[in-house]
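Below you'll find the structure, written out as structure tokens, and then a few comments.
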Amino acid sequence: MSKPERIQGVRGMNDVLPADEALWSRFEAAVASCMRAYGYQRIRTPIVEHTRLFVRGIGEVTDIVEKEMYSFTDSLNGEQLTLRPESTAGVVRSVIEHNLLYDGPKRLWYTGPMFRHERPQKGRYRQFHQVGAEAMGMPGPDADAEVILLCQRLWDDLGLTGVKLEINTLGQADERRAHRAALIAHFEANIDSLDEEARRRLHSNPLRILDTKNPAMQAVAESAPKLIDFLGEASLAHFEGLQALLRAQNIPARINPRLVRGLDYYNLSVFEWVADGLTLCGGGRYDPLIEMLGGRPAPACGFGIGVERVLELMRAQAVDLDTGGCDVYIVHQGEGVLEAAFQAAERLRDAGLDVILHGGGGGFKAQFKRADASGAFAAVVLGEDEVRAGQATVKWLREPAGAPGEGRQQRVALEALGSVITDALVAGDDTI
Ligand code: ATP
Ligand code: MG
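So in numbering that gives the first Met the number 0, spot 358 of the sequence shown is number 357, and the numbers just go up one at a time.
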């Protein structure tokens, strides 16, 4: 028989291996605790939605809808479907569908995989993860400030430093219209400095040109008319209100006039958290969106965090991780011993301990090597001698203060096994 083909994972879609688990769980625990601290409730929406939800909910003239969506026709019923490239559209759909705003504002959060067909590179994948929060039904800058504070608390909880906040305001649609005319005039006067994409977007989405990453276009973007000069009193007051709340909480924010979302339904505040030149998180207000997707008008703001980028920063800054393994590793060998080993493992788990029962055979020596590598505090040894006597040997591998000492061992009756080990760990104040 010829060797079977080895099937590789899809390009840009990564496995998260057990070696990275401590990093992921540290992050996920901090997220869950921050969301709880601000009263945000988790919502889980499907990974697949109707394509038209994203076309309408993200906007036709965007990178995502123009060239990044994984869209397909369901061959069984002909429906046009898309793997979600982000979650706000799905969350808003769900909020409308289940009338979640019937009794006032809602604070929601989500996490999960998103899909965008981009060129894979550092911090950019085709399946990646986001964590997001959406504050719905609150029009004032207090909601914007709250979601920003939540992010700050998350960076602090994770022990991250150097994550910087940039903010801007997009005003309202009519204010943007006046700015847009000035913007188009500016870019037309400098048409030679525009790249092909910018020229294409000149009339469809000129605001987005400000967001260009093309080094050759930085000067023309920098000298463009600023939206803030076109804002009326109410928009300026909202922006001032946000800044005052941030100042009062000592959150430094740099105003970046080129920070934009090129979509018509974004309004007022936009913000990004940036570290080492990479954007970890993008957010802002999108008051018109709920109505645009068919719901009763309600204001909303929120953010999306790129999980892989935060994890990369945690790695770079060597954030403390709990890499602890199991509590007990059971080593066993001999005629009729396996059943007793199973029994002992279940007893220890009943006592609240995390137990690895050695699998795959091998002699005592090889098994002890595994026990050492497992990070367990104790190896429980079961051989024919022990089993005959209704006992086990406990061999202490690490040294919680209550244990008799590293390398020391003791014989313990099988019934007493759980309490002997938990007592030693509790006395040593080791978390079990
Ligand atoms: P960019 O301008 O970098 O493409 P974006 O505007 O498309 O970003 P958002 O849609 O605001 O990004 O998504 C929020 C966050 O999700 C980003 O700030 C980033 O951290 C992360 N993110 C976006 N796309 C990817 C991707 N392909 N791979 C990994 N993370 C991503
Ligand atoms: Mg993008």
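Just so it is clear, CB atoms sit at the ideal spot from N, CA and C, and this is done for glycine as well. Note that the structure is predicted; figures quoted are calculated from it, not measured.
Under 9 Å between C-beta atoms of residue i and residue j
i	j	result
L347	V327	yes
P251	L164	yes
E59	E67	no
L436	L320	Absent from the structure is residue 436, since the part of the chain shown begins at 0 and ends at 431.
P224	L182	yes
I166	L245	yes
C150	G38	no
A388	R410	yes
L100	H178	no
L157	M313	yes
N204	T61	yes
L413	Q390	yes
Y265	R253	no
Candidates the options, of which the one nearest residue i by Cα
i	options	result
F341	G351, A350 and I355	I355
F229	E239, K163, G282 and A180	A180
L267	C280, G240, V273 and R253	G240
V380	L337, L352 and G374	L337
Q408	R260, R284, V393 and T421	V393
D349	M313, L416 and D73	L416
G333	F363, A423 and R369	F363
F238	A142, L312 and T211	A142
G103	A299, A144 and R43	A299
L206	V259, N249, G231 and A243	V259
G324	T110, A339, D371 and E345	D371
K438	E345, E383 and L396	One cannot answer for residue 438 here, as it falls past the ends of the chain, which runs 0 to 431.
A188	A297, D155, S222 and M113	S222
L352	T421, T211 and A36	T421
F114	A426, R10, A184 and A344	R10
W43	Y69, G89 and W272	The sequence shown places Arg at residue 43, not Trp. Measuring from the Cα of R43, the nearest candidate turns out to be G89.
N255	G374, G111 and V269	V269
R176	T211, Y109 and G231	G231
A375	T322, M12, E345 and A343	T322
F186	I208, E345 and A172	I208
S432	A18, T110 and E4	What the structure shows of the chain is the stretch from 0 to 431, and residue 432 is not part of that stretch, so it cannot be assessed.
H116	I63, Y109, Q248 and A343	I63
A343	S418, E271, W272 and E311	S418
H118	T211, T110, M12 and E195	What sits at residue 118 in the sequence shown is Arg, not His. Comparing Cα-Cα distances from R118 to each of T211, T110, M12 and E195, the minimum goes to M12.
Status (buried if at least 16 other CB within 10 Å, exposed otherwise) for residue i
i	result
E385	buried
I147	buried
L193	buried
Q432	Residue 432 lies beyond the range of the chain shown here (0 to 431); nothing can be said about it.
T87	buried
T430	Residue placement at T430 is poorly supported in this model, since its pLDDT is 45, which falls under 50; the coordinates still yield a value, given next. Exposed: under 16 other Cβ atoms inside 10 Å.
A233	exposed
E174	buried
G8	exposed
Q40	exposed
L279	buried
M432	The structure shown does not extend to residue 432, since the chain is modelled only from 0 through 431, so no value can be given for it.
F71	exposed
L75	exposed
W190	Reading off the sequence, residue 190 comes out as Ile, not Trp. The residue is exposed, with fewer than 16 neighbouring Cβ atoms inside 10 Å.
P45	exposed
M435	Not covered by the structure: residue 435. The range shown for the chain is 0 to 431.
E145	buried
R25	buried
P296	exposed
P84	buried
M216	buried
A426	exposed
A339	buried
Rounded distance between the beta-carbons of residue j and residue i, thought under 8 Å
i	j	result
G139	K105	About 16 Å; that fails the 8 Å criterion.
A220	R257	6 Å
A317	G161	So it is not a contact: roughly 13 Å between Cβ atoms.
L107	E133	5 Å
Below-9 Å beta-carbon distance, residue i vs any chain C residue
i	result
T421	In the structure shown, chain C cannot be found, because there is only a single protein chain.
beta-carbon residue i near the ligand NAD non-hydrogen atom, thresh 8 Å
i	result
L149	Looking at this structure, you won't find the ligand NAD anywhere; what it does contain is the ligand ATP and the ligand MG.
### Query
Is the number of C-beta pairs between the segment 291–308 and the segment 41–56 that are closer than 8 Å three or more?
yes
### Task
Evaluate the contact criterion for the segment 40–50 versus the segment 71–87: three or more CB pairs, one atom per stretch, below 8 Å.
yes
### Query
Using 8 Å as the threshold, is the segment 121–138 in touch with the segment 303–310, meaning 3 or more CB pairs across them?
yes
### Query
Okay, do the segment 94–106 and the segment 20–30 touch, 3+ Cβ pairs below 8 Å being the bar?
no
### Task
Give a yes or no on contact between the segment 353–372 and the segment 192–206, applying the rule of three or more CB pairs nearer than 8 Å.
no
### Cβ pair count under 8 Å reaching 3, the segment 108–126 against the segment 307–314
yes
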